[in-house]
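*Asks:*
2 protein chains.
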Amino acid sequence: MTATTLTVALDERSYPIHIGQGLLSSFDLATVVTGPAALIVTNDIVAPLYLSRVTALLPDRDLQQVILKDGEQHKTLQAVAGILDALANARAGRDTTVIALGGGVVGDIAGFAAACYMRGVPFIQVPTTLLAQVDSSVGGKTGVNHPRGKNLIGAFHQPRLVLIDTETLSTLPDRELSAGLAEVIKHAAIADGEFFHWLEANVDSLLKRNADALGYAIRRCCEIKAAVVAEDERESGKRALLNFGHTFGHAIENSLGYGEWLHGEAVAAGMVMAAELSELPGDARQRLHNLIERAGLPTEPPPVAADKLRAAIGIDKKIIGKRLRFILLRELGEAFIDDNISEDRLSRILDHAKP
Amino acid sequence: MTATTLTVALDERSYPIHIGQGLLSSFDLATVVTGPAALIVTNDIVAPLYLSRVTALLPDRDLQQVILKDGEQHKTLQAVAGILDALANARAGRDTTVIALGGGVVGDIAGFAAACYMRGVPFIQVPTTLLAQVDSSVGGKTGVNHPRGKNLIGAFHQPRLVLIDTETLSTLPDRELSAGLAEVIKHAAIADGEFFHWLEANVDSLLKRNADALGYAIRRCCEIKAAVVAEDERESGKRALLNFGHTFGHAIENSLGYGEWLHGEAVAAGMVMAAELSELPGDARQRLHNLIERAGLPTEPPPVAADKLRAAIGIDKKIIGKRLRFILLRELGEAFIDDNISEDRLSRILDHAKP
Chain C
0 MTATTLTVAL DERSYPIHIG QGLLSSFDLA TVVTGPAALI VTNDIVAPLY
50 LSRVTALLPD RDLQQVILKD GEQHKTLQAV AGILDALANA RAGRDTTVIA
100 LGGGVVGDIA GFAAACYMRG VPFIQVPTTL LAQVDSSVGG KTGVNHPRGK
150 NLIGAFHQPR LVLIDTETLS TLPDRELSAG LAEVIKHAAI ADGEFFHWLE
200 ANVDSLLKRN ADALGYAIRR CCEIKAAVVA EDERESGKRA LLNFGHTFGH
250 AIENSLGYGE WLHGEAVAAG MVMAAELSEL PGDARQRLHN LIERAGLPTE
300 PPPVAADKLR AAIGIDKKII GKRLRFILLR ELGEAFIDDN ISEDRLSRIL
350 DHAKP
Chain X
0 MTATTLTVAL DERSYPIHIG QGLLSSFDLA TVVTGPAALI VTNDIVAPLY
50 LSRVTALLPD RDLQQVILKD GEQHKTLQAV AGILDALANA RAGRDTTVIA
100 LGGGVVGDIA GFAAACYMRG VPFIQVPTTL LAQVDSSVGG KTGVNHPRGK
150 NLIGAFHQPR LVLIDTETLS TLPDRELSAG LAEVIKHAAI ADGEFFHWLE
200 ANVDSLLKRN ADALGYAIRR CCEIKAAVVA EDERESGKRA LLNFGHTFGH
250 AIENSLGYGE WLHGEAVAAG MVMAAELSEL PGDARQRLHN LIERAGLPTE
300 PPPVAADKLR AAIGIDKKII GKRLRFILLR ELGEAFIDDN ISEDRLSRIL
350 DHAKP
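Residue numbers (numbering that gives the first Met the number 0), protein chains in the order written: chain C, 0 to 354; chain X, 0 to 354.
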């Protein structure tokens, strides 16, 4: 697979997404890090694998690093405070670039710190997990969890660049590869029926880490996401469709405690629940269920009591004025917002899910 | 004085500033608080005086309150975390409005919490100090201090409304009235020589809290600030002029410890230092010095060692790439950015200031 470049079109905040194998060994990162200094934020799993490659791309810069603990349970305001301390202690100026090297958790934390330091410093995403490459590194959503809810604290802060080296997937654990596939399936389910077909035909190649298949899936997801974000940066409308499966998914994560299930796993089970709520025609629900299962992902929520899930949904960001708002599917490849879900209809899904 | 309305013109983020006596007893706040719930953030000094007036304006809303401790030393990330906890615990939705009732510290903290909760909820400023009414409540700068620097952590988050009831100044301590006059003098010094003249003629009326004089000064400052912010919301250029006196001022606050001197007091001494650095023609420096003195404000920094001030300036946000950048005056009523100040030139000012 050759390198590709896409653009997220947001006027003066537009930025490129570069996708290719081995970019961490060849990309001219110094042209994007315009100031004299950068802070690399990564975690204790990714640092030994890839940190030296990033530092090698910036030989003439004053580099600092913050190494977070791996895991969603560490996506907290404290972690952000630690990065802000590091920036302040390094006397970082407005022209210091924050570089996130890692998965979605690293990107969300580092991006939020970049948004807050001096009311916003430049930010670069170098996603190393499939989930981050196909979803969380694109679009400028940053933030951390609160005990009461997922991503409850955050900011919109667009990166200057998303640099996706698909080679980093070679070191990704199987479980995380599958979790990333959940967001790949989501993109297809909400926006592209043909891509969904392609996934049904190629899910085994993806699980075997076929480079061409992974490259194509990543590009297609980034294209879909970039188009949605360009149309609705701040989620006043269409962007909410990207949350398909996420209301249930966030409730699962919150009920279990962050870090028990991976985000993608919770979204996978959440998509099946949302598909049930969608009352899809024909075999669409079953096809989604099967694809999720073949990707090595859970198709039902963990044994958590329904009222715990319901309570967790009560605080979900996607509820406006306490009405129940869900992203549903019309068919495989088309999603819509339904903000008139009755408690009853929801209860049937939740009780059905009850262990 | 009759009520006036100005507009901060920022396209879809435009908002009105209402200025008038007794607005807290008469304004139809419910038309601006469109959702079912609001969180009022205030402090332990302001709450007993004015909180009931605000709650009375919103009889049909689900109201929560957070009462902060008074003082710049409490403008911390922890205070913001406390407000975020209150919002999450109240299961506040995206349509919950955060209302800041108090001075600049309350507005900065509450505004930053509003910016971060669910990546941004509606926000209203009800400033009750002169400083907040003429400066900090307008323009969307929010944030908190870090031990290493003033306002180092924050966001741009514009309010939906700024509601200025000049009657609240009747309960303002003399020291805080003077501190507010520092920012009034700043607006005149950087943007309006005629207004500076007017201040020389009317500073005694202002100190005696003449309602017409205060109303005029507040309006004029809001006009100047609204025009600057409309032109340069995110301080990529002209908006930096509003920081006249603030590089030295922030260094003074940081060196003394937050809360020792009021922000306006530090800015007052900072303006005299910046005027010295400006090498102004004629008696301009002396006139600025005299007006600041007549307003009951310090004209020189407190007894802090020059190297402590210098170190504090090193982390100042207005330094780009460690070059020294200052806002200077060409004359009374015209400011400019000089980002080529030599260490030597700065040292002369700092050493001169040395006790």
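Note that CB positions come from ideal geometry on N, CA and C, so glycine has one too.
Consult DSSP for C/Ile326 and reduce its assignment to one of helix, strand or coil.
*Replies:* Position 327 of the first sequence, counted from the first residue, corresponds to residue 326 of chain C. Of the three classes helix, strand and coil, the one that applies to C/Ile326 here is strand, per DSSP.
*Asks:* Mind listing which residues of the segment 69-97 of chain X have their C-beta closer than 7 Å to chain C's C-betas, in chain order?
*Replies:* Listed in sequence order: Leu76, Ala80, Leu83, Ala87, Asn88, Arg90, Gly92, Arg93, Asp94.
*Asks:* Residues in its own chain within less than 7 Å of C/Leu349 by CB, not counting five upstream and five downstream?
*Replies:* Stepping through the first sequence from its first residue, residue 349 of chain C is reached at position 350. Excluding positions up to five away in sequence, the list reads Ala305, Leu308, Arg309.
*Asks:* Could you tell me whether any Cβ in chain X is nearer than 7 Å to the Cβ of C/Ala178?
*Replies:* By one-based count along the first sequence, residue 178 of chain C stands at place 179. Judged by the 7 Å Cβ criterion, C/Ala178 is not in contact with chain X.
*Asks:* At what residues does the beta strand (DSSP E) containing X/Ala200 begin and finish?
*Replies:* Locating residue 200 of chain X in the second sequence gives position 201, counting from the first residue. Where X/Ala200 is concerned, there is no enclosing beta strand (DSSP E), although the alpha helix (DSSP H) it sits in stretches over 192-206.
*Asks:* Give a yes or no on whether the minimum CB-CB distance between X/Phe115 and chain C is below 7 Å.
*Replies:* Position 116 of the second sequence, counting from 1, holds the residue named residue 115 of chain X. In the sequence as displayed, the identity of residue 115 of chain X is Cys instead of Phe. Yes, its Cβ sits closer than 7 Å to a Cβ of chain C.
*Asks:* By the 7 Å beta-carbon criterion, what residues does the segment 142-167 of chain X contribute toward chain C?
*Replies:* The residues in question are Gly142, His145, Arg147, Gly148, Leu151, Ile152, Gly153, Ala154, Phe155.
*Asks:* Quick one: which chain C residues come within Cβ less than 8 Å of X/Gly256?
*Replies:* The residue you call residue 256 of chain X lines up with position 257 of the second sequence. The contacting residues do not exist; X/Gly256 stays about 16 Å from chain C at best.
*Asks:* How is the alpha helix (DSSP H) around C/Asn289 delimited, first residue to last?
*Replies:* Along the first sequence, one-based indexing puts residue 289 of chain C at 290. Residues 283-293.
*Asks:* Helix, strand or coil, according to DSSP, for X/Leu296 in the structure here?
*Replies:* As a first step, residue 296 of chain X is located in the second sequence; it is residue number 297 there, counting from the start. Coil, per DSSP.
*Asks:* With 7 Å set as the bound, which would you pick, yes or no: does the beta-carbon of X/Gly313 sit closer than that to a beta-carbon of chain C?
*Replies:* Start at 1 with the first residue of the second sequence, and residue 313 of chain X comes out as number 314. Yes, because at least one Cβ of chain C sits closer than 7 Å to the Cβ of X/Gly313.
*Asks:* Skipping 5 residues on each side, what residues in its chain have a beta carbon closer than 7 Å to that of X/Gly320?
*Replies:* Along the second sequence, one-based indexing puts residue 320 of chain X at 321. Bear in mind that a pLDDT of 47 at X/Gly320, under 50, signals an unreliable position, so the model cannot answer this.
*Asks:* Which residues share a DSSP beta bridge with C/Pro47?
*Replies:* As a first step, residue 47 of chain C must be located in the first sequence, where it is residue number 48. Looking at the DSSP assignment, C/Pro47 forms no beta bridge with any residue, so it has no partner.
*Asks:* Taking a cut of 7 Å between CB atoms, which residues from the segment 45-61 of chain C lie near chain D?
*Replies:* The structure shown contains no chain D; its protein chains are C and X.
*Asks:* Helix, strand or coil for X/Ile98 per DSSP?
*Replies:* Taking the second sequence and counting its residues from 1, the one referred to as residue 98 of chain X is at position 99. The answer is strand: DSSP assigns X/Ile98 an E or B state.
*Asks:* So what's X/Ala334 in DSSP terms, helix, strand or just coil?
*Replies:* For this step, residue 334 of chain X is matched to residue 335 along the second sequence. Here X/Ala334 sits in strand by DSSP.
*Asks:* I'd like the span of the beta strand (DSSP E) that includes X/Asn242, first residue to last.
*Replies:* By 1-based counting over the second sequence, the position of residue 242 of chain X is 243. Element bounds for X/Asn242: n/a, residue is neither H nor E.
*Asks:* Indicate whether X/Leu198 and X/Ile326 have their beta-carbon atoms separated by less than 7 Å.
*Replies:* Position 199 of the second sequence, counting from 1, holds the residue named residue 198 of chain X. Position 327 of the second sequence, counting from 1, holds the residue named residue 326 of chain X. No, Cβ-Cβ distance for X/Leu198 and X/Ile326 is not below 7 Å.
*Asks:* Provide the residue span of the beta strand (DSSP E) that contains C/Ile16, from first to last.
*Replies:* The residue labelled residue 16 of chain C in the question sits at position 17 within the first sequence. Unbroken beta strand (DSSP E) run through C/Ile16: 14-19.
*Asks:* Does the beta-carbon distance from X/Leu331 to X/Ala188 come in below 7 Å?
*Replies:* What you label residue 331 of chain X is simply residue 332 of the second sequence in a count that begins at 1. What you label residue 188 of chain X is simply residue 189 of the second sequence in a count that begins at 1. Yes, the pair counts as a contact, with Cβ atoms nearer than the cut-off.
*Asks:* I need the straight-line Cα distance from X/Asn339 to X/Leu323, nearest angstrom please.
*Replies:* On the second sequence, position 340 is the one that residue 339 of chain X refers to. On the second sequence, position 324 is the one that residue 323 of chain X refers to. Approximately 6 Å, taken between the alpha carbons.
*Asks:* Return yes when the Cβ of C/Asn42 is within less than 7 Å of the Cβ of C/Asp69, no when it is not.
*Replies:* Counting from 1 along the first sequence, the entry for residue 69 of chain C is found at position 70. Counting from 1 along the first sequence, the entry for residue 42 of chain C is found at position 43. Closer than 7 Å, so yes.
*Asks:* Could you have a look at C/Ile340 and say whether DSSP puts it in helix, strand or coil?
*Replies:* Along the first sequence, one-based indexing puts residue 340 of chain C at 341. Three-state DSSP puts C/Ile340 in coil, outside helix and strand.
*Asks:* Which residue wins for smallest C-alpha separation from X/Arg147, given the options C/Val40, C/Gly138, C/Leu86?
*Replies:* Within the second sequence, numbered from 1, the residue matching residue 147 of chain X stands at position 148. Of C/Val40, C/Gly138, C/Leu86, the residue nearest in Cα terms is C/Leu86.
*Asks:* Quick check: is the beta carbon of X/Arg118 nearer than 7 Å to any beta carbon in chain C?
*Replies:* In the second sequence, residue 118 of chain X corresponds to position 119, counting from 1. At least one chain C Cβ lies under 7 Å of X/Arg118.
*Asks:* In whole angstroms, give me the CA-to-CA distance for X/Gly295 and X/Ala268.
*Replies:* Taking the first residue of the second sequence as 1, we reach residue 295 of chain X at position 296. Taking the first residue of the second sequence as 1, we reach residue 268 of chain X at position 269. Rounded to the nearest angstrom, the two C-alpha atoms are 11 Å apart.
*Asks:* For X/Asn88, count neighbouring Cβ atoms within 10 angstroms of its own Cβ and tell me buried if that reaches 16, exposed if not.
*Replies:* Numbered from 1 along the second sequence, position 89 holds the residue referred to as residue 88 of chain X. Classification of X/Asn88: exposed, given that the 10 Å Cβ count is below 16.
*Asks:* Would DSSP call C/Lys149 helix, strand or coil?
*Replies:* The count along the first sequence starts at 1 and reaches residue 149 of chain C at position 150. Of the three classes helix, strand and coil, the one that applies to C/Lys149 here is strand, per DSSP.
*Asks:* In three-state DSSP terms, what is C/Gly142?
*Replies:* Numbered from 1 along the first sequence, position 143 holds the residue referred to as residue 142 of chain C. DSSP places C/Gly142 in strand when its eight states are reduced to three.
*Asks:* Taking the C-alpha atoms as reference points, what is the distance between C/Ala334 and C/Val7?
*Replies:* Counting from 1 along the first sequence, the entry for residue 334 of chain C is found at position 335. Counting from 1 along the first sequence, the entry for residue 7 of chain C is found at position 8. So the two alpha carbons sit approximately 21 Å from each other.
*Asks:* Classify X/Val79 as helix, strand or coil using the three-state DSSP reduction.
*Replies:* Translated into the one-based positions of the second sequence, residue 79 of chain X becomes position 80. Three-state result, X/Val79: helix.
*Asks:* Roughly how many angstroms separate the alpha carbons of X/Pro354 and X/Pro301, rounded to a whole number?
*Replies:* Here the question's residue 354 of chain X lines up with position 355 in the second sequence. Here the question's residue 301 of chain X lines up with position 302 in the second sequence. The predicted position of X/Pro354 is uncertain, since its pLDDT is 49 and thus under 50; no value can be drawn from it.
*Asks:* Would you kindly check if the distance between the Cβ of C/Glu252 and the Cβ of C/Gly273 is under 7 Å?
*Replies:* Here residue 273 of chain C refers to the residue found at position 274 when the first sequence is read from its first residue. Here residue 252 of chain C refers to the residue found at position 253 when the first sequence is read from its first residue. The question names Gly, but residue 273 of chain C is Ala in the sequence shown. No, Cβ-Cβ distance for C/Ala273 and C/Glu252 is not below 7 Å.
*Asks:* With contact counted as at least three CB pairs below 8 Å, one residue from each stretch, are the segment 139-158 of chain C and the segment 172-180 of chain C in contact?
*Replies:* Because the criterion of three Cβ pairs below 8 Å is not met, the segment 139-158 of chain C and the segment 172-180 of chain C do not touch.
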